[in-house]
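As structure tokens, the structure follows; a few thoughts come after it.
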Amino acid sequence: MTTFLDAVSRLSSAEEFFEYLDVPFDDRVVRVNRLHILKRLHDYLRQEATEGLETEALRQVYRHCLARAHADFVTSDAVTEKVFKVFRDRAGKAFVGLDEIEVLSVQG
Numbered sequence: 233m234t235t236f237l238d239a240v241s242r243l244s245s246a247e248e249f250f251e252y253l254d255v256p257f258d259d260r261v262v263r264v265n266r267l268h269i270l271k272r273l274h275d276y277l278r279q280e281a282t283e284g285l286e287t288e289a290l291r292q293v294y295r296h297c298l299a300r301a302h303a304d305f306v307t308s309d310a311v312t313e314k315v316f317k318v319f320r321d322r323a324g325k326a327f328v329g330l331d332e333i334e335v336l337s338v339q340g
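If you read the sequence shown in the working numbering, its first letter stands for residue 233, the second for the next number, and so on.
Following this line, the structure appears as structure tokens:
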């Protein structure tokens with residue numbers, strides 16, 4: 233198991249995760265959402281009980297979570313999925329009326 237986790241910890245790109253875990257992926261989806269997919273993978277793995285699993289069972293959990301994370305972005309997008317905090321925070325005020333604008337000083 234340690235060898236598997238060591239190998240996973242050395243992966244640096246989303247494509248490397250897909251290739252190492254032998255999970256099919258749509259390159260267009262990964263190109264646009266790579267960080268979101270990896271963050272979602274991390275979130276899904278945190279929900280799994282992986283302690284004490286043998287290497288192959290652990291590999292299957294990782295494969296399942298990665299495939300699930302990828303699938304989330306095949307039919308959706310980053311704004312809808314709200315993986316990162318910036319997307320979960322309440323949107324700021326989008327409209328400022330002219331009556332709310334105050335002239336601070338006029339230089340002449």
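Glycine residues also receive a C-beta, built at the ideal position from the N, C-alpha and C atoms.
Determine the contact status of I269 and H302, defining contact as a CB-CB distance below 7 Å. Contact: yes.
So L298 and F250 are in contact, right, with Cβ under 8 Å, and what is the actual spacing, rounded? Their Cβ separation, rounded to whole angstroms, is 7 Å, which keeps L298 and F250 in contact under 8 Å.
Ignore the nearest five residues each way along the sequence and tell me which others in V306's own chain have a CB closer than 7 Å to its CB. Answer for V306: D258, V261, listed in chain order.
Proximity winner among Y294, T235, A246, relative to Y276 (alpha-carbon distances): In this structure, Y294 is the residue among Y294, T235, A246 with its C-alpha nearest to the C-alpha of Y276.
By the three-class DSSP mapping on this structure, what secondary structure does R242 have? The DSSP-derived three-state label of R242 is coil.
In terms of residue numbering, what span does the alpha helix (DSSP H) encompassing E288 cover? 287-306 is the extent of the alpha helix (DSSP H) around E288.
Quick check on D304: buried or exposed, where buried means 16 or more other Cβ atoms within 10 Å of its Cβ? With 16 or more Cβ atoms within 10 Å of its Cβ, D304 is classed as buried.
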